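The next block holds one structure in the form of C-alpha cells; read it before the comments.
In this note's numbering, the protein residues as written are 2 to 180.
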C-alpha cells in the first residue's frame, strides 16, 4: 500500500484513539502525533489517495446533520490501521522509574498461533523471558501491551503487573543495561 494511504489510515485511526482516550495526557499525546502526521502529507496527493481509499472501501463518508461530511474508517480500514500500528510498534524507553513490568500468560493450545505471535512480539519490543510465558520489562508499556493483547484477542489469558522489586533485580539490570 502506498505510504500516503498508510499515513491517512493511521491518522484516522489516531482520531479514533483520541476519542477513546480517557486522560488529558493521553489525548495530548495522540493530538501531537496526529498533527505531525498531517504536516508530512503532500496535499495534492491527499485528494487522490482519499479517493482511492474510498474506492477500496477502507474509508467511508458520513453525512453530518449540518450537511457537511466526515471521513471515517470502515471496519476493513480499522483492521488495516491496527495491522500497521502493530507492525510499527515501539516502546519509548525513557528514564527507568525503578519498577518492573510483568506479563504472564497461560494461553490454551487451541490459541497457539496467538500465543506464539504474542511471545514473538513482546520479545521483539524488548521484553526478557524470565520463565516460559513470564516476561519482564523495565519501562512503561501498559498501553502497548493492552494493544497487543486486544490485537490477538487474548485478554482473558494474559495478566499484566507492575513490581516494585524482584529478587533477581541485579541480573535484570545487567540485561537491560540499567545503572
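Backbone N, C-alpha and C fix where the C-beta goes; we use that ideal spot for every residue, glycine too. Being a predicted model, the structure only gives us computed values, none of them experimental.
Extent of the continuous alpha helix (DSSP H) to which residue i belongs
i: residue 145; result: 143–153
i: residue 179; result: Premise fails: residue 179 is in no alpha helix (DSSP H) and is neither H nor E.
i: residue 115; result: 113–125
Per-residue burial, residue i [other beta carbons within 10 Å of its own, 16 or more giving buried]
i: residue 54; result: buried
i: residue 77; result: exposed
Span of the beta strand (DSSP E) around residue i
i: residue 96; result: Residue 96 -> no beta strand (DSSP E), and no H or E assigned at all.
i: residue 156; result: Neither: residue 156 is in no beta strand (DSSP E) and is coded neither H nor E.
i: residue 130; result: 129–132
i: residue 63; result: 60–64
Within 8 Å, strictly: CB atoms of residue i and residue j
i: residue 160; j: residue 92; result: no
i: residue 75; j: residue 52; result: no
i: residue 101; j: residue 164; result: yes
i: residue 150; j: residue 122; result: no
i: residue 139; j: residue 171; result: no
i: residue 90; j: residue 45; result: no
i: residue 137; j: residue 173; result: yes
Length of the line joining the Cα atoms of residue i and residue j
i: residue 129; j: residue 50; result: 41 Å
i: residue 22; j: residue 94; result: Legend: pLDDT at residue 22 = 49, less than 50; position of this residue unreliable, value from coordinates given subsequently. When rounded, the distance between both Cα atoms is 21 Å.
i: residue 154; j: residue 108; result: 11 Å
i: residue 158; j: residue 64; result: 40 Å
i: residue 120; j: residue 72; result: 36 Å
i: residue 176; j: residue 113; result: 28 Å
i: residue 103; j: residue 67; result: 49 Å
i: residue 167; j: residue 111; result: 32 Å
Any non-hydrogen atom of the ligand PLP within 7 Å of residue i CB
i: residue 116; result: Ligands are entirely absent from the displayed structure, and the ligand PLP is therefore not among its contents.
Residue(s) in a DSSP beta bridge with residue i
i: residue 163; result: 102
i: residue 74; result: 60
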